[in-house]
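Novice: Protein chains in written order, with our numbering: chain A, 2 to 346; chain B, 2 to 346. Built from N, CA and C at the ideal position, the CB exists for glycine as well. For reference, the structure I am asking about is given below.
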DNA sequence: GCACGGATTGTGAGCGCTCGCCAACATGCC
DNA sequence: GGCATGTTGGCGAGCGCTCACAATCCGTGC
């Protein structure tokens, strides 16, 4: 009695192994392995016997041992900066979701600052987890070079801050998004559009700025004043106050929704009405933007699709393909109350 | 030439192992292991020789093999629901950060719905990653029972939706937060405060509601009307419209900032001024709330501290301690423009 | 010059799994 | 009946690491 209980206790200590399952099912460990890996070379009744044993023992395959033997983890890593921001966090969960659907585990590690050291550290952590590829979602201008300078032994896929280049990359066409936003304002009759940009060293910020510039250029118009923010509502507010002082600004394209919120607030405080005096368009379509005051016209990005494409590229890279390819998804304008026709004066 | 290059290529195939380092340093693999584990039983010059070899070979310890041998992964898992919401996502990154600082890897997996199946699935994935403990950040009323019904072989720590109970749990005192928010409004002279709650099956929502109720009761006042939202700005807007129709409501405590944004919008549209006609207080202190119109009075939670405490509890549980303990951090009121003294009429 | 104890280092046996290869058996054909 | 063929299953060698233990080194004291 005592012996049995102590034995059972000892049995609990270590979880059951393949050998235990094999013994219970009356087969060899190899057959168990075959069942686990869906090998066709197992007779149906054997398979069922093994399955029964697995269930009875509550067996669970030891991933570490499998990894050690196969050298394949089925895991892809993702390094992301600024996970607190809407875009990056959406991308992270989209990639995670898509990865899971493709049968991969996605390990996300955030970097707090953009030094080579921080990046090296993040990548090291991922490498320790034996990831088979790394998705880089760091939109900084230098991120690509930084990552490349690490000369990793595994494929890399970019998923943000994408410019055409010699890497695998999936992204959303920021330039196009900014163009449709700006064109929307120009179509409403505004002679020029001001711009509050994100931090200038972010690829996204540069691209949105470029789209804004192009929209003017295509119509032979001169872009309105340009101010630099840092993605936060606070910086939008500060820049909004400055813009409010220029009575000739009738439309603003803001680099993201958070800054747009700040701009809206500054305009209210300055007594300028939106959209009667000034039209405002944001970028991101955060869930709250429909409830800003007034509801914000903005640009929506298809994050789930972006995630799927990124994972697809990753899988392709893992399959040996190394032809660099860039996939760009098109963003979409969401028109709401914050943009309106230019007011005759 | 050809041989050398092909050999180098072959060498690249598999990354260097301890044996390679040992050979290069002229020691045994065991000594390398000792160096790696900072054992004191290694002479200084030997240690340096090994380090040099490690650097030269670009050696990196194989975590899978180590895990296989030690049965310790140094990883803790976290299952979280609603990672798109502010609170949960802050908690996730706080735990991740704190875990890292404590020398643990934190693997987060999100669940999309709150079925037993989804939870089982998430936990399975974590178990496959050999996590040593699981932090559960699912604020649903039933989450605790659900998780417990899985009868996991590893410690569990709750980090959200905490009620006193027989588990390890770290949380933020939601009742206290709701009380100070409501008391703030009562202090301003409002006779009663309305409440827009979160989904009633969320522990947090129930606790915030309870704090709101307690604040009234402590002063012998009757709570104002209560409406149920779902954390989204949209539900706040809908409920805001309903409240706007009751001229006798002069103060609202809203379950989170997103809903508060919706309430503000509804009040604007109904022509009721904030805070002159109605005061509004939120909960969360999202970064944007200072830029709502008007700036939102709200309750801030100390997420980083929460993360640290959760990890601390986890480490303690891993150390064998199994006395259930609940740690509650105090939230703080942030007073802004959306709340003001009751207007004499 | 030698035994002795502590400081260093080496040896060998797993951890649980997969892979390559071979053994056993059933089947079909001549 | 004997053989080639196809199907199932078993065996043993690692994967790279840590652990327990054994072996070696060194300075010391006599």
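Against residue 130 of chain A, what residues of chain B qualify as contacts under a CB-to-CB distance less than 8 Å, listed in chain order?
Specialist: What residue 130 of chain A touches in chain B: 64 and 106.
Novice: Under a CB-based cut-off of 8 Å, is residue 262 of chain B close to chain A?
Specialist: Residue 262 of chain B belongs to the set of residues whose beta carbon lies under 8 Å from a beta carbon in chain A.
Novice: Taking CB distances under 8 Å as the criterion, tell me whether residue 337 of chain A reaches chain B.
Specialist: No - not a single Cβ of chain B is within 8 Å of the one on residue 337 of chain A.
Novice: Would you say residue 121 of chain A faces chain B, with C-beta separation under 8 Å as the test?
Specialist: No, no contact with chain B.
Novice: Taking Cβ-Cβ distances shorter than 7 Å, what residues in chain A pair up with residue 90 of chain B?
Specialist: 90
Novice: To the nearest angstrom, how far is it from the Cα of residue 54 of chain B to the Cα of residue 69 of chain A?
Specialist: 23 Å
Novice: Which residues in chain A have a C-beta closer than 7 Å to the C-beta of residue 289 of chain B? List them in chain order.
Specialist: 234, 259 and 262
Novice: Measuring only the C-alpha atoms, how far is residue 263 of chain B from residue 71 of chain B?
Specialist: 53 Å
Novice: State whether the stretch 102-121 of chain A contacts the stretch 129-149 of chain A, with contact taken as three or more CB pairs (one from each stretch) at a distance under 8 Å.
Specialist: yes
Novice: Roughly how many whole angstroms lie between the Cα atoms of residue 11 of chain B and residue 34 of chain A?
Specialist: Because residue 11 of chain B carries a pLDDT of 36, less than 50, the predicted location of this residue cannot be relied on, and no value is offered for it.
Novice: If we ignore side chains and look at the alpha-carbon of each, how far apart do residue 300 of chain A and residue 307 of chain A end up?
Specialist: 15 Å
Novice: Note down, one range per segment and in chain order, each beta strand (DSSP E) of at least 3 residues found wholly within the stretch 301-343 of chain A.
Specialist: 327-330 and 333-335
Novice: DSSP three-state call for residue 213 of chain B: helix, strand or coil?
Specialist: helix
Novice: Of the residues that make up the stretch 200-215 of chain B, which ones have a beta carbon closer than 8 Å to any beta carbon in chain A?
Specialist: Answer in chain order: no residues at all.
Novice: Do residue 275 of chain B and residue 305 of chain B count as a contact pair if the criterion is CB distance below 8 Å?
Specialist: no
Novice: Can you name the start and end residues of the alpha helix (DSSP H) that residue 118 of chain B belongs to?
Specialist: 117-129
Novice: Compile a chain-ordered list of the residues in the stretch 265-278 of chain A whose CB is closer than 8 Å to at least one CB of chain B.
Specialist: 265, 266 and 269
Novice: So if DSSP puts residue 109 of chain A in a beta bridge, which residue, or which two residues, is it bridged to?
Specialist: A:79
Novice: Let me confirm a value: residue 32 of chain A is counted as buried when at least 16 other C-beta atoms fall within 10 Å, else exposed. Which label applies?
Specialist: buried
Novice: Beta strand (DSSP E) containing residue 114 of chain B: first to last residue?
Specialist: Element bounds for residue 114 of chain B: n/a, residue is neither H nor E.
Novice: Going by DSSP, what residue range makes up the beta strand (DSSP E) through residue 196 of chain B?
Specialist: 195-198
Novice: Which ranges would you report for the beta strand (DSSP E) in the stretch 261-304 of chain B if only whole runs of at least 3 residues count?
Specialist: 280-282 and 299-301
Novice: Where does the unbroken alpha helix (DSSP H) through residue 51 of chain A begin, and where does it stop?
Specialist: Looking at the DSSP string, the run of the alpha helix (DSSP H) that includes residue 51 of chain A is 45-58.
Novice: For a contact meaning CB atoms closer than 8 Å, what does residue 94 of chain B contact in chain A?
Specialist: 84, 85 and 111
Novice: What residue range does the alpha helix (DSSP H) around residue 25 of chain B cover?
Specialist: Looking at the DSSP string, the run of the alpha helix (DSSP H) that includes residue 25 of chain B is 19-26.
Novice: For a cutoff of 8 Å on Cβ pairs, would you count residue 133 of chain A as touching chain B?
Specialist: no
Novice: So, is the C-beta of residue 69 of chain A closer than 8 Å to a C-beta in chain B?
Specialist: Interface residue, yes.
Novice: Measuring alpha carbon to alpha carbon, tell me which of A:173, A:336 and A:191 ends up nearest residue 344 of chain A.
Specialist: A:191
Novice: Between the stretch 194-213 of chain B and the stretch 221-228 of chain B, can you find at least three pairs of beta-carbon atoms closer than 8 Å?
Specialist: yes
Novice: Among all the DSSP beta bridges, which residues are the ones paired with residue 173 of chain B?
Specialist: Note: residue 173 of chain B sits in a beta bridge opposite B:330.
Novice: Distance check for residue 207 of chain B and residue 236 of chain A, CA to CA, integer angstroms please.
Specialist: 36 Å
Novice: Given that residue 238 of chain B touches chain A, what residues does it touch there, using C-beta distances under 8 Å?
Specialist: 292
Novice: Alpha helix (DSSP H) containing residue 234 of chain A: first to last residue?
Specialist: 234-245
Novice: Are any of the Cβ atoms in chain A nearer than 8 Å to that of residue 61 of chain B?
Specialist: yes
Novice: Based on the DSSP secondary-structure assignment, which residues constitute the bridge partners of residue 157 of chain A?
Specialist: BP columns for residue 157 of chain A point to A:135.
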